[in-house]
Structure formats: structure tokens, C-alpha cells
Amino acid sequence: MNALTRRGGLFDEFFRDFSPGYFVQPLHGDPLPGQVKLDVRESEGAFEVQAEVPGVKKEDIQVEVDGNVLSLRAEVRQEDATEGGEGRPLRRERYYGSVARTLQLPAEVDESQCKAHYENGVLRLTLPKKVQTKAQRRVAIE
């Protein structure tokens, strides 16, 4: 990897400060949710994905695979802090709305063999790679 394609952690931290959430928090007091955090591992035959989606019911999660593109969507539903109870809210940081994440994988996925398991706020996906058959073409010589 050369110096032009490598970026250090210093710049990652700098640019993270200028994400949309940075500007929304101080002005409106309503932070945007963080991006869905993912861990992706690749084995010879599959991709293993773990996604953090805490506080979401499995019925509110959508997973789509199209070729080598994985899309995750979740609807976050929290009770409204203003409803019920006495007094006025001083701070609201819990998010209500949808979060999404799209990821391009290095190989196509066999959509018919994908498996998903959701437990304790972590979505675990097993995405088998599509078997690529390399067909040899013999060219007839005239």
C-alpha cells in the first residue's frame, strides 16, 4: 500500500467530527444515531457479518442481498420521553426512526443460502459465496 492510498487514524478522527451528527447535536439537541456498526469476516466459502442493532425487534429489521451488495435497515422504536411522567425532559438522546447500512462485499453471495440470527441486539449473518464456475471456451480455428 503506498502513501497515497493509506490514511492514518488521525484523519479518520478529524473527518468523523464533521459528520452530519456533529452539526445537528449542538444546534438542535437532537443527535443523529450512529451508523450501524459491522464486523465482517471472510472465509473460503462465506462471509460472516455481525451487526449491532440494539433495542430493535427482529420484526423491524430488513436484510437484502443483491449480488455482492448487502443492505441492512432497521426501525428503532423508543417510547417518547415526553409522554407520561412529571416534569420536563432536560436531555433526549434516544433515537426514534430508521437506520440503514449498505456494504459492498468482495464477491457475489448465494442469496438462496443466506442465514440470519438475531439475539441480544446483535444480528449475525452467514452469507455463502456464490460458486463461480470458470467455463473454458474452446475457440474453433477455421
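In our numbering, the protein residues as written are 992 to 1133.
For every residue, glycine included, the Cβ atom is placed at its ideal position computed from N, Cα and C.
DSSP three-state assignment for residue i, whether helix, strand or coil
i	result
D1101	coil
V1015	Only weak support exists for where V1015 lies, its pLDDT of 40 falling under 50; the value from the coordinates is given anyway. Of the three classes helix, strand and coil, the one that applies to V1015 here is helix, per DSSP.
G1088	strand
Q1123	coil
L1096	coil
P1022	Because the pLDDT at P1022 is just 41, under 50, the model does not fix this residue reliably, and the value given afterwards should be weighed accordingly. In this structure, P1022 counts as coil in the three-state DSSP scheme.
E1110	strand
R1128	coil
Check whether residue i and residue j have beta carbons under 8 Å apart
i	j	result
A1065	V1044	yes
G1058	K1120	no
A1091	L1063	yes
Y1086	K1049	no
V1100	V1056	yes
L1116	V1054	yes
E1031	F1038	Inspection of the sequence shows that residue 1031 is occupied by Val rather than by Glu. Against a cut-off of 8 Å, the Cβ pair of F1038 and V1031 comes out as a contact.
V1067	S1103	no
L1094	L1029	yes
Burial state of residue i (16 or more Cβ within 10 Å)
i	result
V1060	exposed
L1081	exposed
V1047	buried
V1122	exposed
A1131	exposed
K1125	exposed
Minimum Cβ-Cβ distance from residue i to chain D less than 8 Å
i	result
T1117	Although the question refers to chain D, the structure presented lacks it and comprises just one protein chain.
Proximity test, residue i beta-carbon vs the ligand HEM heavy atom, cut-off 7 Å
i	result
Q1104	The model depicted lacks the ligand HEM and carries no ligand whatsoever.
Go through the region 1024-1084 residue by residue and report every complete run of the beta strand (DSSP E) that reaches 3 residues or more, in order. Those beta strand (DSSP E) runs which fall completely within the region 1024-1084 and span 3+ residues are 1028-1033, 1037-1043, 1052-1057, 1060-1067.
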